[in-house]
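*Asks:* My questions all concern the structure below.
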Ligand SMILES: O=c1nc[nH]c2c1ncn2[C@H]1C[C@H](O)[C@@H](COP(=O)(O)OP(=O)(O)OP(=O)(O)O)O1
Ligand SMILES: [Mg+2]
């Protein structure tokens, strides 16, 4: 089976989710945690989609493989969409989940429960050597809690409440998260294209 996909992420939480989400496809899945000397790609785009394309195309040029990149984040209505594309570096360039959540909770401290609506957003770009890059997206609606609950997942999961399941993302099992997440929903939009993408390989 020579069918291989590289996921252009160094985020361990994302990498784990992608390994599970891609397991139903008959593909070898690698991430940048498996590949040496992969370049760091600057996220200079103005949208999730632009950043996903930047990451996918740079790593595809480097590896000459089909590459999927994820650019994702948290969009909070009461904060005019912040942290948005800056979610990873919200509290500083060193990308600290703990500090990012502290900053989010402090920015929302005077915002009432019903105004704390938010969504996780995920853009996925698929860079294919010698072909046009494909882009899809998915989202997941929720509310931002006043305090952390749960220890699963990564990033903002402990404060992201999923109303339909009455739990935070960090209280869900990985199977539950992978059935409702923004990443899962983006991948559902990619699924009809997967066989065509890998057909000739
Ligand atoms: O399911 C999620 N559950 C909780 N938090 C999440 C999720 N999905 C994205 N997030 C947050 C984490 C990070 O603060 C930002 C992603 O930033 P983003 O640039 O796409 O990823 P990253 O820099 O961690 O890794 P990389 O660019 O190598 O893929 O949004
Ligand atoms: Mg990043």
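Residue numbers (my numbering): 40 to 240. C-beta atoms are modelled at their ideal positions from N, C-alpha and C, and glycine is treated no differently.
#1: Within 10 angstroms of the Cβ of residue 119, are there 16 or more other Cβ atoms? Answer buried if so, exposed if not.
#2: Could you check what DSSP says for residue 111 in three-state terms: helix, strand or coil?
#3: Measuring only from the beta carbon, is residue 214 closer than 7 angstroms to any heavy atom that is part of ligand 4?
#4: Taking the alpha carbon of residue 157 as the reference point, which residue from 123, 148, 104, 43 has its own alpha carbon closest?
#5: Decide if residue 139 is buried, meaning its Cβ has at least 16 other Cβ atoms within 10 Å, or exposed.
#6: Would you kindly work out how many angstroms separate the C-alpha atoms of residue 211 and residue 96, rounded to a whole number?
#7: When you measure from the CB of residue 195 to every non-hydrogen atom of ligand 1, does any distance come out below 7 angstroms?
#8: Could you check if residue 190 belongs to the surroundings of ligand 1, using beta carbon to heavy atom distance under 7 angstroms?
#9: Please report how far the alpha carbon of residue 40 lies from the alpha carbon of residue 198, in whole angstroms.
#10: Apart from the five residues on each side of it in sequence, which residues of its chain come closer than 6 angstroms, Cβ to Cβ, to residue 164?
#11: Would you mind working out which of 150, 193, 217, 69 sits nearest residue 177, comparing C-alpha positions?
#12: What do you reckon, is the C-beta of residue 113 under 7 angstroms from a heavy atom of ligand 1?
#13: Quick one: what does DSSP say residue 206 is sitting in, helix, strand or coil?
#14: Which partner residues does residue 159 have in the DSSP bridge list?
#15: Taking the C-alpha atoms as reference points, what is the distance between residue 235 and residue 102?
#16: Where residue 220 and residue 76 are concerned, what is the direct C-alpha to C-alpha distance, given to the nearest angstrom?
*Replies:* Let me spell this out:
#1: Here residue 119 corresponds to residue number 80 of the chain shown, with the count starting at 1. By the neighbour-count rule (16 or more Cβ atoms within 10 Å), residue 119 is not buried but exposed.
#2: Reading the chain shown from its first residue, position 72 is the one you call residue 111. If DSSP states are grouped into helix, strand and coil, residue 111 belongs with the strands.
#3: Summarising the ligand content, the structure contains ligand 1 and ligand 2 and does not contain ligand 4.
#4: Stepping through the chain shown from its first residue, residue 157 is reached at position 118. Comparing Cα positions, the closest option is 123.
#5: Position 100 of the chain shown, counted from the first residue, corresponds to residue 139. Flag for residue 139 reads buried.
#6: Taking the first residue of the chain shown as position 1, residue 211 is located at position 172. Taking the first residue of the chain shown as position 1, residue 96 is located at position 57. Taking the straight line from one Cα to the other gives about 33 angstroms.
#7: As a working mapping, residue 195 is identified with position 156 in the chain shown. Residue 195: yes, Cβ under 7 angstroms from ligand 1.
#8: In the chain shown, the residue the question calls residue 190 occupies position 151. Incorrect: residue 190 has no Cβ contact closer than 7 angstroms to ligand 1.
#9: To locate residue 40, count along the chain shown from 1; it is residue 1. To locate residue 198, count along the chain shown from 1; it is residue 159. With a pLDDT of 45 at residue 40, under the threshold of 50, the predicted position of this residue should be treated as unreliable, though the coordinate-derived value follows. Cα to Cα, the separation comes out at about 41 angstroms.
#10: In the chain shown, the residue the question calls residue 164 occupies position 125. Hits under 6 angstroms: 91, 92, 95, 108, 172, 174.
#11: As a first step, residue 177 is located in the chain shown; it is residue number 138 there, counting from the start. Nearest C-alpha to residue 177: 217.
#12: Start at 1 with the first residue of the chain shown, and residue 113 comes out as number 74. Result yes, Cβ under 7 angstroms from ligand 1.
#13: Here residue 206 refers to the residue found at position 167 of the chain shown. Three-state result, residue 206: strand.
#14: Position 120 of the chain shown holds residue 159. Per DSSP, 113, 179.
#15: Within the chain shown, the letter at position 196 stands for residue 235. Within the chain shown, the letter at position 63 stands for residue 102. C-alpha separation (whole angstroms): 20 angstroms.
#16: Taking the first residue of the chain shown as 1, we reach residue 220 at position 181. Taking the first residue of the chain shown as 1, we reach residue 76 at position 37. Whole-angstrom Cα-Cα distance: 30 angstroms.
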